[in-house]
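In this text, residue positions in the sequence shown follow full-length UniProt numbering: the first is 1, and each later residue adds one.
The structure under discussion appears below in the form of structure tokens.
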Amino acid sequence: MPAMESSESLLDAIYISQKNGNDETGDGSKTNPFKTILKAMCHAGKEPFPPIYQNSPKDDKEYELVSKSQLKKMHKIWARKEYKNEDKQKNY
1 MPAMESSESL LDAIYISQKN GNDETGDGSK TNPFKTILKA MCHAGKEPFP
51 PIYQNSPKDD KEYELVSKSQ LKKMHKIWAR KEYKNEDKQK NY
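This is the structure in structure tokens:
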């Protein structure tokens, strides 16, 4: 086992916030979340993705897991984007 693992394998969770997040300057942490699920997936880079948390509508929770239906929808978009990137790399 290598002594130093890549940063991608060390991701425990990624946080997004529609209100306070920023896809340009965010890093996916609780204090500096991304704005969108797609950006969180792109940041993770590959599957399996770490848990992705979003702002909770409940007052007793700050964040909650993104729903499976949201993840499924965003996964389709992410996969299309990855296929396009692969095709571009093959053509160069």
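Quick reminder that beta carbons are idealized off the backbone N, C-alpha and C, glycines included.
For this session: On a CA-only basis, which of Lys-39, Asp-60, Glu-62 is nearest Ala-79? Give me that one, please.
Result: Lys-39
For this session: Go ahead and pull the three-state DSSP assignment for Gln-18.
Result: In the structure shown, the three-state DSSP call for Gln-18 is coil.
Exercise. For Asn-55, does the three-state DSSP call read helix, strand or coil?
Worked result: strand
Exercise. Since Glu-64 sits in a beta bridge, which residues does DSSP pair it with?
Worked result: Gln-54
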